[in-house]
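Peer 1: Okay, handing you the structure first.
Protein chains: 2
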Amino acid sequence: MTTPARRGRPRSEGADGRILQAAHALLTQRGYDRFAIDEVAARAGVAKTTLYRRWPTKDHLLVALVARIQDEVEVADTGDLRRDLTVYLGAVAHGLEGMRRVGREAAAADRSAGVVAELVAAAARHPDVGEAVRALFARRNTLPLRLLDHARERGALPPATSSEVLFDQLAGALYYRLLITGAPIGADYVEELVDQVLTQAATPHPERA
Amino acid sequence: MTTPARRGRPRSEGADGRILQAAHALLTQRGYDRFAIDEVAARAGVAKTTLYRRWPTKDHLLVALVARIQDEVEVADTGDLRRDLTVYLGAVAHGLEGMRRVGREAAAADRSAGVVAELVAAAARHPDVGEAVRALFARRNTLPLRLLDHARERGALPPATSSEVLFDQLAGALYYRLLITGAPIGADYVEELVDQVLTQAATPHPERA
DNA sequence: GTATTTACGCTACGACAGTTGCGTAAATAC
DNA sequence: GTATTTACGCAACTGTCGTAGCGTAAATAC
Numbered sequence: 001m002t003t004p005a006r007r008g009r010p011r012s013e014g015a016d017g018r019i020l021q022a023a024h025a026l027l028t029q030r031g032y033d034r035f036a037i038d039e040v041a042a043r044a045g046v047a048k049t050t051l052y053r054r055w056p057t058k059d060h061l062l063v064a065l066v067a068r069i070q071d072e073v074e075v076a077d078t079g080d081l082r083r084d085l086t087v088y089l090g091a092v093a094h095g096l097e098g099m100r101r102v103g104r105e106a107a108a109a110d111r112s113a114g115v116v117a118e119l120v121a122a123a124a125r126h127p128d129v130g131e132a133v134r135a136l137f138a139r140r141n142t143l144p145l146r147l148l149d150h151a152r153e154r155g156a157l158p159p160a161t162s163s164e165v166l167f168d169q170l171a172g173a174l175y176y177r178l179l180i181t182g183a184p185i186g187a188d189y190v191e192e193l194v195d196q197v198l199t200q201a202a203t204p205h206p207e208r209a
Numbered sequence: 001m002t003t004p005a006r007r008g009r010p011r012s013e014g015a016d017g018r019i020l021q022a023a024h025a026l027l028t029q030r031g032y033d034r035f036a037i038d039e040v041a042a043r044a045g046v047a048k049t050t051l052y053r054r055w056p057t058k059d060h061l062l063v064a065l066v067a068r069i070q071d072e073v074e075v076a077d078t079g080d081l082r083r084d085l086t087v088y089l090g091a092v093a094h095g096l097e098g099m100r101r102v103g104r105e106a107a108a109a110d111r112s113a114g115v116v117a118e119l120v121a122a123a124a125r126h127p128d129v130g131e132a133v134r135a136l137f138a139r140r141n142t143l144p145l146r147l148l149d150h151a152r153e154r155g156a157l158p159p160a161t162s163s164e165v166l167f168d169q170l171a172g173a174l175y176y177r178l179l180i181t182g183a184p185i186g187a188d189y190v191e192e193l194v195d196q197v198l199t200q201a202a203t204p205h206p207e208r209a
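Respectively, the protein sequence lines represent chains A and B.
In terms of our numbering, the first sequence has 156 at position 156, counting the first letter as 1, and numbering is strictly consecutive.
In terms of our numbering, the second sequence has 154 at position 154, counting the first letter as 1, and numbering is strictly consecutive.
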């Protein structure tokens, strides 16, 4: 992994790290719309132009920050689908509730989707940011998707079940509440959601002749 | 509904309409981040300050626009749940795909969530905008929720089913794909989604002793 | 050594959101 | 009529994102 000895002046050692660190501090303190790029640059001890050479817009910087913050969510595959799903989705929901409070006084505790909404908008504004965000989520979702695959293989889900669609249902419900309805997504809701999906999947009833 | 004869100079007749019309035209032409408030005011023939007296931020104006654009989605309750859901969600998905293209050259056709993403961000930035958006969706969702209630009552869904949670699953899947994964939400996907939810709900299988 | 390449810091600038202050217009209250 | 209240238009201003130009610093190529 040695650098192949580029041509001109090398990039300032550690500037990236100092910028991200300063940006992270300001983001968590004030939120996305109330911190200025100029201030990030000043705190990091670099010129604003240097920052822009690395991240061409504030939106790009945001993705880099979120990708950094986002801690990996553990995925246990114990064979108890209900339990595994509840644990996993509970962790996701908890993480999202945390994102909600980034840059707000805890007292606020309103129903805003916070920084996740900004991330979504950033992805919509710039194609390359969108690509990066989608890659982030694709990577994050591989393990839970595999969890559903295994469940289907061992007969815990109907054989015709599509893991992708089922995952859309589960994750979608959480993001829908976070971003659209603003409804809370606590542990109790996650349990109800998983319960309903799996109970549905196990209870026969009329219709569908 | 006669005006109670207010005190001072009345608001300029029709200014609201002209502003909204001008803003709508610019929004559909260029998209949210590439049209300027100054330009809207100029086209509407009012001073910028007059516009700001009505909508305190660009985000507020956006909600007013979307609320205006959003056509009511028909909800048929024929007794055939699968069909009714497919039709309803198909219309919603079609509307969302339309929102995706607002302000973009048709050629682009990328995976951006477009104006919906901006709406979500606007809701996250201002508490009152969030309130308005949530009211918009609550109103929009009453009929489909009733549809699910009826289905449960006549035994087409398990009696323990929560309409709210089920609706989160369905609508959530669509918005999740629109806003997060960028995956298409065409008629084929809607059919697969409804099919899977209802097939799950009708097919017994092991697990859940 | 000199030439070249790439990054840096700095200053100035353009575009746009949103604000402020002020003079004026259009209504009601008396 | 005059006083009061509310809206309007206009112009100037601030804050912030992002860009452009330029001189300089630190590396490699020869």
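Here a beta-carbon is modelled for each residue, glycine too, at the ideal position from N, C-alpha and C.
Computed from a predicted model, the values in this text were never measured in an experiment.
1) Of all Cβ atoms in chain B, is any one closer than 7 angstroms to the Cβ of A:Ser-112?
2) Indicate the three-state DSSP secondary structure (helix, strand or coil) for A:Gln-70 in the structure shown.
3) Applying a beta-carbon distance threshold of less than 9 angstroms, which residues of chain B neighbour A:Pro-127?
4) Tell me whether A:Gly-17 sits in a helix, a strand or coil according to DSSP, three-state version.
5) Note the first and the last residue of the continuous alpha helix (DSSP H) segment covering A:Ala-42.
6) So with CB distances below 8 angstroms, who are the chain A contacts of B:Phe-137?
7) Under 8 angstroms Cβ-Cβ, which residues of chain A neighbour B:Gln-29?
8) For B:Pro-144, which option in B:Gln-70, B:Val-66, B:Leu-119, B:Leu-81 has the closest C-alpha, if you only look at C-alpha atoms?
9) Might you give, ordered along the chain, the residues of its own chain that have their beta carbon closer than 8 angstroms to the beta carbon of B:Leu-179, omitting 5 neighbours on each side?
10) Which same chain residues, not among the five before or five after B:His-24, have their C-beta less than 6 angstroms away from its C-beta?
11) Of all the CB atoms in chain A, is at least one closer than 7 angstroms to the CB of B:Ala-25?
12) Are three or more beta carbon pairs between the segment 121–129 of chain A and the segment 48–60 of chain A nearer than 8 angstroms?
13) For B:Asp-195 and B:Leu-147, which I take to be in contact (beta-carbon distance under 8 angstroms), what is that distance rounded to the nearest angstrom?
14) List the endpoints of the continuous alpha helix (DSSP H) containing B:Val-75.
15) Apply the 10 Å Cβ neighbour rule to A:Thr-142 and answer buried if 16 or more other Cβ atoms are within range, or exposed otherwise.
16) May I have the straight-line CA-CA distance separating A:Val-102 from A:Arg-30, to the nearest angstrom?
17) Along the chain, which unbroken stretches of the alpha helix (DSSP H) at least 4 residues long are found entirely within the segment 119–201 of chain B?
18) Looking only at its own chain, which residues have a Cβ that is under 6 angstroms from the Cβ of A:Ala-93, when we skip the five neighbours before and after it?
19) What do you get for B:Arg-100, buried or exposed, if any count of 16 or more other CB atoms within 10 angstroms of its CB means buried?
20) From A:Pro-10 to B:Arg-134, what distance separates their C-alpha atoms?
21) Taking A:Val-75 as the reference, which of A:Arg-139, A:Leu-198, A:Arg-154, A:Thr-199 has the closest Cα?
22) So B:Glu-192 contacts chain A; which residues on that side make the cut at Cβ distance below 9 angstroms?
23) Which residues in the same chain as B:Ala-132 place their Cβ atom closer than 7 angstroms to its Cβ, once the five residues preceding and following it in sequence are excluded?
24) Do B:Ala-41 and B:Leu-51 have their beta-carbon atoms positioned less than 7 angstroms apart in this structure?
25) Here's the rule: buried if 16 or more other CB atoms are within 10 angstroms of the residue's CB, otherwise exposed. What is B:Gly-79?
26) Taking DSSP as the reference, what is the three-state secondary structure of B:Gly-8?
27) Looking at A:Ala-171 and B:Tyr-88, is the spacing between their C-beta atoms short of 7 angstroms?
28) Could you tell me the alpha carbon to alpha carbon distance between A:Ala-67 and A:Arg-34, rounded to whole angstroms?
29) For the alpha helix (DSSP H) holding B:Ala-211, just list the boundary residues, first then last.
30) Measuring CA to CA, which of B:Ile-37, B:Ala-44, B:Glu-39 is closest to B:Glu-13?
31) Look at B:Ser-163 and B:Asp-149 and say whether their C-beta atoms are less than 7 angstroms apart.
32) Whose CA, out of B:Arg-7, B:Ala-15, B:Ala-36, B:Gly-95, lies closest to the CA of B:Asp-71?
33) Are the CB atoms of A:Gly-90 and A:Ala-187 nearer to each other than 7 angstroms?
Peer 2: According to the structure shown:
1) Chain B contact via Cβ: present.
2) A:Gln-70 falls in the coil class under three-state DSSP.
3) Residues of chain B passing the Cβ test: Ala-108, Asp-110, Arg-111, Ser-112.
4) Residue state for A:Gly-17 is assigned as helix, using DSSP reduced to three classes.
5) Unbroken alpha helix (DSSP H) run through A:Ala-42: 37–44.
6) Going along chain A in sequence order, the residues near B:Phe-137 (Cβ under 8 angstroms) are Ile-180, Thr-181.
7) Taking a Cβ-Cβ threshold of 8 angstroms, none of the residues of chain A is close to B:Gln-29; the smallest such distance is about 17 angstroms.
8) Scanning B:Gln-70, B:Val-66, B:Leu-119, B:Leu-81 for the CA closest to the CA of B:Pro-144 turns up B:Leu-81.
9) Around B:Leu-179: Ala-113, Val-116, Ala-117, Val-120.
10) Non-local beta-carbon contacts of B:His-24 in its own chain, meaning distances under 6 angstroms to residues more than five positions away in sequence, involve Leu-65 in chain order.
11) So, not an interface residue.
12) The segment 121–129 of chain A is in contact with the segment 48–60 of chain A.
13) Between B:Leu-147 and B:Asp-195 the Cβ distance is about 17 angstroms, and since that is not below 8 angstroms, they are no contact.
14) That residue, B:Val-75, is in no alpha helix (DSSP H); it is neither H nor E in DSSP.
15) So A:Thr-142 counts as exposed.
16) Rounded to the nearest angstrom, the two C-alpha atoms are 8 angstroms apart.
17) List check, alpha helix (DSSP H) in window: 127–153, 163–176, 187–200.
18) The residues are Leu-174, Ile-185, Val-190.
19) With 16 or more other Cβ atoms within 10 Å, it is buried.
20) Rounded to the nearest angstrom, the gap between the Cα atoms of A:Pro-10 and B:Arg-134 is 50 angstroms.
21) Looking at A:Arg-139, A:Leu-198, A:Arg-154, A:Thr-199, the one whose alpha-carbon comes closest to that of A:Val-75 is A:Arg-139.
22) Those are Ser-162, Val-165, listed as they occur along chain A.
23) The answer, listed in chain order, is Val-63.
24) It is a contact, given that the beta carbons lie within the stated cut-off.
25) When all chains shown are included, B:Gly-79 counts as exposed.
26) DSSP, read as helix, strand or coil, puts B:Gly-8 in coil.
27) Not in contact: B:Tyr-88 and A:Ala-171 (Cβ atoms no closer than 7 angstroms).
28) Roughly 20 angstroms between the two C-alpha positions.
29) Residue 211 of chain B lies beyond the stretch modelled for chain B, which goes from 1 to 209, so this question has no answer here.
30) Each of B:Ile-37, B:Ala-44, B:Glu-39 was checked against the Cα of B:Glu-13, and the nearest Cα belongs to B:Ala-44.
31) In terms of Cβ geometry, B:Ser-163 and B:Asp-149 form a close pair [threshold 7 angstroms].
32) Residue B:Gly-95 is the option with its Cα nearest to B:Asp-71.
33) Yes, these two residues count as a Cβ contact at 7 angstroms.
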